[in-house]
Amino acid sequence: MYPDDRVLVGVINRKKDLSILLKQHWYRIPQAQMPDGIYTEYIGFFLSGSASTRFGKSGVHYFARQVGLELAYRKDLLPNETSKKAMRRADDVYYQVKFASIDGKVPPITNPTKRRFAFIFTTWDRFVNATEIADLYSKGDYYVDRIYHALRDKKIRVNRYWDGQRKQTGHGAAVRIICENGMLTGYTDANKAKADADGFFLDPLVADDRIFMEIRTQMAARGGPVILPLSTTF
-17 MYPDDRVLVG
-7 VINRKKDLSI
3 LLKQHWYRIP
13 QAQMPDGIYT
23 EYIGFFLSGS
33 ASTRFGKSGV
43 HYFARQVGLE
53 LAYRKDLLPN
63 ETSKKAMRRA
73 DDVYYQVKFA
83 SIDGKVPPIT
93 NPTKRRFAFI
103 FTTWDRFVNA
113 TEIADLYSKG
123 DYYVDRIYHA
133 LRDKKIRVNR
143 YWDGQRKQTG
153 HGAAVRIICE
163 NGMLTGYTDA
173 NKAKADADGF
183 FLDPLVADDR
193 IFMEIRTQMA
203 ARGGPVILPL
213 STTF
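Note that this note's numbering gives residue 203 to position 221 of the sequence shown, counting from 1, and the numbers run on in steps of one.
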């Protein structure tokens, strides 16, 4: 375990999925939500809904080191799910992440502010010392997360990159917006923004309304954003 080891925190909200994790040692992640692939040494599991019943409170109660990864159809991972909803998603593709063992997170990482998230990328040093979800974020992550959710609320297709993904991306926290005529990337690293012809600097010292004005201008220059329905449903 190294301080900069990558940790992906995901959500489990069904008892069935928690049982699969604890007994079969695997976890599924929609490929559509991780189009660039999964690059992480560890995965932490935030239990909510029926999955958190045994603990009495939602939180990250388990984590595991990744030992294997492959793609599979939902119908092959969950062959006994036959509801209409499940059948509609039967051909969805998932990453099946495999583990040798599952460890408990003590103390657990709780979410007292009810911060909404589907996934969080962080680092081992933050993860192991965290007691609240907020402890997993860097300053850059907080800034990008605010922009990310504001854009998603407007149905804009946007990807988010965390400081904890530096090994993979080569830069700090960022947002990437899919436009009709190319990509637009907002970086919290000023030097990276200057080096990318399709990038701009997300300056935390600039008021939010000016940042969003810049984003709108940049998107318009690329034909506008691609508007697509987005889902965080597992």
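For every residue, glycine included, the Cβ atom is placed at its ideal position computed from N, Cα and C.
Only a predicted model underlies this, so the values are computations on that prediction, with no experimental measurement involved.
Smallest Cα separation from residue i: which of the options?
{"i": "Gln48", "options": "Gln78, Gly122 and Asp73", "result": "Gln78"}
{"i": "Phe109", "options": "Asn163, Tyr24 and Lys(-3)", "result": "Tyr24"}
{"i": "His43", "options": "Gly(-8), Asn141 and Phe103", "result": "Gly(-8)"}
{"i": "Tyr21", "options": "Phe28, Ser30, Leu29 and Ile11", "result": "Ile11"}
{"i": "Ile193", "options": "Ala203, Ala202 and Phe182", "result": "Phe182"}
Going by DSSP, what residue range makes up the alpha helix (DSSP H) through residue i?
{"i": "Met246", "result": "The structure shown does not extend to residue 246, since the chain is modelled only from -17 through 216, so no value can be given for it."}
{"i": "Gln6", "result": "Lys(-3) to Gln6"}
{"i": "Leu59", "result": "Arg56 to Leu59"}
{"i": "Lys149", "result": "Arg148 to Thr151"}
Mark residue i as exposed unless 16 or more other C-beta atoms lie within 10 angstroms of its C-beta, in which case mark it buried.
{"i": "Pro90", "result": "buried"}
{"i": "Ser1", "result": "exposed"}
{"i": "Ser217", "result": "Because the chain in this structure spans residues -17 to 216, residue 217 falls outside the shown range and cannot be described."}
{"i": "Gly38", "result": "exposed"}
{"i": "Leu166", "result": "buried"}
{"i": "Leu53", "result": "exposed"}
Using the DSSP secondary-structure output, state which residues sit across from residue i in a beta bridge.
{"i": "Met201", "result": "None, per the DSSP bridge assignment."}
{"i": "Phe103", "result": "Leu(-10)"}
{"i": "Met165", "result": "Ile160"}
{"i": "Ile209", "result": "Ile138"}
{"i": "Glu52", "result": "Gln78"}
{"i": "Tyr9", "result": "Val79"}
Taking residue i as part of the beta strand (DSSP E), name the residues at either end of that continuous run.
{"i": "Asn141", "result": "Val140 to Tyr143"}
{"i": "Lys39", "result": "Note, Lys39: premise wrong, no beta strand (DSSP E); not H, not E."}
Task: At least 3 beta-carbon pairs within less than 8 Å: the stretch 95 to 102 vs the stretch 151 to 166 - done: no
TODO: Check whether the stretch 116 to 133 touches the stretch 143 to 153, taking contact to mean three or more Cβ pairs, one atom from each stretch, closer than 8 Å.
DONE: yes
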